[in-house]
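S.K.: One point on numbering: in this note's numbering, the residue at position 57 of the sequence shown is 57, and numbering is uninterrupted.
All residues carry an ideal CB built from backbone N, CA and C; glycine is no exception.
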Amino acid sequence: MQIETPQIVDYTALATKIKEWGRELGFQAVGIADINLHDAEERLLDWLARDFHGEMDYMAKHGVKRSRPAELIPGTLRVISVRMDYYPPTVKDGWKVIEDGSRAFISRYALGRDYHKVLRKRLEKLAQKIRIEVGGFSYRVFTDSAPVMEVELAYKARLGWRGKHTLLLSRDHGSWFFLGELYTDLPLPIDEPESEHCGTCMACIQVCPTQAIIAPYKLDARRCISI
């Protein structure tokens, strides 16, 4: 009887390949995070307790599955987080259109194909490349399709830092990007979070038209025009 020898995987080398494959597939940044979201969970529960989520009942619907990836998808050890930029190279007369009450200005993110489908397709291709490399493994792809703390995971994966307006920020692309995730049971080496770069700047708080950013890193969604 022939016994198949388990495949030995160099996870450090695999992580490097995953990032290369991700860039080849059209992601501008790829990182790997662990699933320890304890601090983020405390902030989430406090935010919900203060009713800052307003009418977004789905934020509380799934309990702590949002902050505990292994409860959402059993067996999850790591999250591969990806960033896909969408800011167009040129925006002709954008502010003129916005200031003209008789004309409509389409949000930049809505100009192309449905980003949910684009990210999901690319993440599935990334998963297949991993499967070819290591054989069988468990994974699940997400693009706004489940209770996932995508900003916190992207921060832990070194895709950017969290600004005082609570969004993820990149030094080279602001917040003009989409995020997607691949939950996996592979014990990949994790990335170190990027340091915070907001400093003493309070611009986002000062210019918020509805004063929804009530303090640094605190957003009252009930005051938002849309979210």
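Could you check where the beta strand (DSSP E) with Y183 kicks off and where it finishes?
M.R.: On the sequence shown, position 183 is the one that residue 183 refers to. For Y183, the enclosing beta strand (DSSP E) has its first and last residue at F177 to T184.
S.K.: Return the chain-ordered list of same chain residues with a C-beta closer than 6 Å to the C-beta of H53, the five sequence neighbours on each side being excluded.
M.R.: By 1-based counting over the sequence shown, the position of residue 53 is 53. Around H53: M59 and A221.
S.K.: Less than 7 Å between C-beta atoms, sequence neighbours within five positions excluded: which residues of the same chain meet that for A70?
M.R.: Position 70 of the sequence shown holds residue 70. Same-chain partners within the cutoff: I35 and T76.
S.K.: At the level of alpha carbons, what is the spacing between G94 and L111?
M.R.: As a working note, residue 94 is residue 94 in the sequence shown. As a working note, residue 111 is residue 111 in the sequence shown. The alpha-carbon atoms of G94 and L111 are separated by roughly 13 Å.
S.K.: Give the DSSP-derived three-state secondary structure of L168 in the structure shown.
M.R.: To locate residue 168, count along the sequence shown from 1; it is residue 168. L168: strand per DSSP, three-state reduction.
S.K.: Which first and last residues belong to the alpha helix (DSSP H) in which G94 is found?
M.R.: As a working note, residue 94 is residue 94 in the sequence shown. Per DSSP, G94 belongs to the alpha helix (DSSP H) from G94 to E99.
S.K.: What do you get for S170, buried or exposed, if any count of 16 or more other CB atoms within 10 angstroms of its CB means buried?
M.R.: Translated into the one-based positions of the sequence shown, residue 170 becomes position 170. It is buried - the Cβ of S170 has at least 16 other Cβ atoms within 10 Å.
S.K.: If we count Cβ pairs, one from each stretch, closer than 8 Å, do we get three or more for the segment 161-181 versus the segment 207-222?
M.R.: Touching, per the Cβ criterion.
S.K.: Taking DSSP as the reference, what is the three-state secondary structure of M59?
M.R.: As a position in the sequence shown, residue 59 is number 59, starting the count at 1. The answer is helix: DSSP assigns M59 an H, G or I state.
S.K.: If you count every other CB in all the chains shown that lies within 10 Å of the CB of G180, and 16 or more means buried, which is it?
M.R.: As a first step, residue 180 is located in the sequence shown; it is residue number 180 there, counting from the start. Result: buried.
S.K.: Do the segment 176-194 and the segment 111-125 make contact, defined as three or more Cβ pairs closer than 8 Å?
M.R.: yes
S.K.: Can you name the start and end residues of the alpha helix (DSSP H) that R131 belongs to?
M.R.: For the purposes of this step, residue 131 is identified with residue 131 of the sequence shown, where counting begins at 1. Per DSSP, R131 belongs to the alpha helix (DSSP H) from Y115 to V134.
S.K.: Closest to R158 by C-alpha separation, out of E133, K125 and V82, would be which residue?
M.R.: In the sequence shown, residue 158 corresponds to position 158, counting from 1. Closest option to R158, Cα to Cα, is V82.
S.K.: Under the rule that 16 or more other beta-carbon atoms within 10 Å means buried, what is P147, buried or exposed?
M.R.: For the purposes of this step, residue 147 is identified with residue 147 of the sequence shown, where counting begins at 1. Buried, by the Cβ-count rule.
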